[in-house]
Amino acid sequence: MKKRQVVLKRNDSSRNSVNSSLTVRTVRYAECQKNHAASVGGYAVDGCREFMPSGGEGTDDALTCAACGCHRNFHRRELVKGLSPKEMTGEEPKALKKTTEKDEA
């Protein structure tokens with residue numbers, strides 16, 4: 001199973017907020033949902049239970065499933081909730097820390 005990490009930035013109601021919330025989530029691709037009988041008006045899926053990339057990361061084959069041969073977009077996408085950088089390390093990332101006059105000097 002190939003997992004990817006995605007960083008999502010959420011908009012705060014206050015635009016001046018220094019503590020914007022970043023969340024790291026893992027993306028997982030589950031069963032294939034491609035309808036192979038759509039051309040004849042039916043419904044039939046191939047039974048592929050999980051996306052497995054055919055090639056390495058960054059290649060065209062990375063988007064093709066080794067089990068069923070379908071593109072990754074035909075597989076159901078699941079977002080697995082992750083932790084924010086603040087929750088993982090106990091502090092805010094450097095880019096989000098509020099600078100003071102002492103820090104700049």
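Under UniProt numbering, the residue at position 19 of the sequence shown is numbered 19, and the numbers go up by one with no gaps. Idealized CB from N, CA, C, for every residue including glycine. Just so you know, these numbers come straight off a predicted model, no measurement behind them.
Beta-carbon spacing of residue 63, residue 25 below 9 Å: no
Residue from 35, 49, 50 with nearest C-alpha to residue 43: 35
Between the CA atoms of residue 29 and residue 77 - distance to the nearest angstrom: 5 Å
Residue from 54, 60, 59, 81 whose Cα sits closest to the Cα of residue 69: 54
Beta-carbon proximity list for residue 71, same chain, < 7 Å, skipping 5 on both sides: 63, 64
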